[in-house]
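Residue numbers for the sequence shown follow the numbering used here, so the first one is 376 and each next one is one higher. Every residue, glycine too, gets a C-beta built ideally from N, C-alpha and C. For reference, the structure discussed in these notes is given below.
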Amino acid sequence: MSFSYRSIVMLLSVIIFASLLKLAFFAVPKDNTAPMLNAQEVRQDLYALLDQIEQHSAFYALTPDKASPQLKYMASLIVEQYQDMTPNDRFAAEITKLLNSLKDPGAQVHDFDDQSGDLPLTLRPLNDQWLALDSSNSPINNDFPFVTHIDGLPMSKWVAASQAYLPEPAKQSQEMQLPWLKKLNLLREDLGLSIKPYVLVTLINDDLQNQQVTLALPSHEPKAQLAASNQEDKTQDMSVFEFITQLSQFERSEFQDVPYQLETVNKTTVKLKISDLYAFELDRDLQQELLKGMTHPLLIIDLRDASGFSPKLLTLLSRYQDADLNNTLAPNVMGFAHYRRSPELRNDYLQPLNFKPLDALEYSVPRLKSLTRNLPSVDEDKFSPWYIRTKPTVTPEGRNRLALLVSPKCRQECEWIAYRTKSWSRANLIGEKTSGDFARQYHFKLPNSGLDIRFSSSLTYDAQGKLLSGAGTEPDIWLPQNSDIQWQGLVSLMRSAKPKTQIIQTSQPTKLAQAKLN
């Protein structure tokens, strides 16, 4: 049997390609995140963390004289407290508290395995009390539904301890507290309690009668971890052709159908959930669902988990805005931003956030000076020049109303949506205060713990020069963020809310600006 030249070349190409794929398995670094850190490794990671914060954090650069000694003091306390071997999850918790001192809503710690014992029940806030629920969201005791004490300490103590792990804007958010309240052993250490394989819970009913219940903590299953490890080893030993087959069947999540669609609440109200603003921009079907919902007297959009920087949703929703009755110097300006200077950042760093340089406006120098006169003076060695974002060019239409559900997890472009719609007379924000996380994030890994650290590298201001980053937007109607919202009750809440009036700015600077243009 003879082979042609083309067949031989094809066969060699396949062999070379298969060899490269096999080498790739060995080239990919394995996750060697240390489960325990010694004192030297703790010090090294803290030094690297403070160095990165000083170089890249936008919030640090706002008040470096105040932030620097505070961060160094907190780092020294960590070094002093953890002289022996430190669990990686405990170190991650301490880093979280240190980052929160920056009051940066974008500060986050990722890539650590939380081995602390979890509370074996689900807490749900109800007015000023906490429901104690099981895994099926049913009360663990129907006769005594509320929990007042855990391990003998009142719930207020546990709530205060959990708030240490939250940035300033989210400290009062019940939704943001819940994941940290679940970390029982972590909070036990903070409160000076002993670690036990069980927890004592005090329950109460409406008649103020109480009952104590002892619950065992769920144990980590080494067998499950071993099975996962064996599965990983099996994957590493997979043949090249099996790997190619799996690649051919792989579907990227962003190209899968978005499960959200328009749902009817009543004859006049529909609701829609949107979480990924990037996916929304690419999904024509979901956009059509939104446009269909905008024809109803009331459209409710759930943005509690929305993130991404696509401006498409805000552009479509701008049909609900009020007509601009002011002829100001720059009626189309939505806000300003600048980023923390760094050698590795290009001058288009804020372009994905829909900002552009001031020069792109092609205004005269006097007009630019008047436009930016309220912006704060900044250290040009630490921050970039100012960038500007303009409002979508959309004509208001219709008389229908809009309700937006928001929470501290409403981030990035969702923050702009909350901020803009807050002033619209036909729109209402419902939920909890947002966190004020508008920024692009800088992220890096600590050398020893392998923790993925993220914090804000840019700051956002409104058209009048007021800092928006970290401030958050208050809802018009406060509503705890439980997963089982009664939608018909929400509609009734909207109807009973006080009507909003159109906000018209008539300040002296506006009149002066009008005089200059006329």
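Asked: 8 Å Cβ cutoff met for Pro822 and Ala423; Found: yes
Asked: For Arg563, three-class secondary structure by DSSP; Found: helix
Asked: Residue environment, Ala459, which counts as buried when at least 16 other CB atoms sit within 10 Å; Found: It should be noted that the sequence gives Asp, not Ala, for residue 459. Exposed, by the Cβ-count rule.
Asked: Between the CA atoms of Ser798 and Ala712 - distance to the nearest angstrom; Found: 21 Å
Asked: C-beta contact flag for Gln816 and Gly481 at 8 Å; Found: yes
Asked: Proximity of Ile470 and Leu746 at Cβ, strictly below 8 Å; Found: no
Asked: For Ser451, the first and last residue of its enclosing alpha helix (DSSP H); Found: Pro439 to Gln456
Asked: Cβ-Cβ distance between Pro850 and Gly806 below 8 Å; Found: yes
Asked: Exposure label - Asn641; buried when at least 16 CB within 10 Å; Found: exposed
Asked: Where Thr471 falls: helix, strand or coil (DSSP); Found: helix
Asked: Beta-bridge pairing of His524 - partner residues as DSSP gives them; Found: Pro529 and Thr577
Asked: Burial state of Glu664, where buried means 16 or more other Cβ atoms lie within 10 Å; Found: buried
Asked: Simplified DSSP state of Gly811, which is helix, strand or coil; Found: coil
Asked: Alpha-carbon to alpha-carbon, Gln547 and Val574; Found: 25 Å
Asked: Identified DSSP bridge partners for Val645; Found: Thr639 and Leu674
Asked: Presumed contact (8 Å Cβ cut-off) between Ser537 and Arg715, rounded CB distance; Found: About 30 Å; that fails the 8 Å criterion.
Asked: Simplified DSSP assignment, three categories, for Leu386; Found: helix
Asked: Three-state secondary structure assigned by DSSP to Ile792; Found: helix
Asked: Run of the beta strand (DSSP E) containing Ser833, from where it starts to where it stops; Found: Ser833 to Asp837
Asked: Reference Thr639, options Gly710, Phe655 and Gly668, closest by Cα; Found: Gly668
Asked: Beta-carbon proximity of Leu498 to Val522, cut-off 8 Å; Found: yes
Asked: Closest residue to Leu657 among Arg679, Gly683 and Thr644 (Cα-Cα distance); Found: Gly683
Asked: Spatially closest choice to Pro771 from Leu691, Arg870, His818 and Arg829, by CA coordinates; Found: Leu691
Asked: Three-state class that DSSP yields for Ile860 in the structure shown; Found: coil
Asked: Distance, Leu387 Cα to Lys648 Cα; Found: 51 Å
Asked: Buried or exposed (CB count within 10 angstroms, at least 16 for buried), Phe730; Found: buried
Asked: Spatially closest choice to Thr768 from Asn517, Lys687 and Lys646, by CA coordinates; Found: Lys687
Asked: Inter-residue CB distance, Gly710 and Arg764 (contact presumed, cutoff 8 Å); Found: 5 Å
Asked: Bridge-paired residues (DSSP) for Met411; Found: Pro462
Asked: The segment 778-794 contacting the segment 841-848, beta-carbon criterion three pairs below 8 Å; Found: yes
Asked: Assigned secondary structure, Asp503 (DSSP; H/G/I helix, E/B strand, else coil); Found: coil
Asked: Terminal residues of the alpha helix (DSSP H) in which Tyr653 lies; Found: Leu652 to Leu657
Asked: Contact belief for Phe519 with Leu578 at Cβ below 8 Å, rounded distance in angstroms; Found: 4 Å
Asked: Reduced DSSP category for Asp756 - H, G, I as helix; E, B as strand; rest coil; Found: coil
Asked: Buried or exposed (CB count within 10 angstroms, at least 16 for buried), Asp754; Found: exposed
Asked: Identity of the residue in Gly773, Ser476 and Pro741 nearest Ala698 by Cα; Found: Gly773
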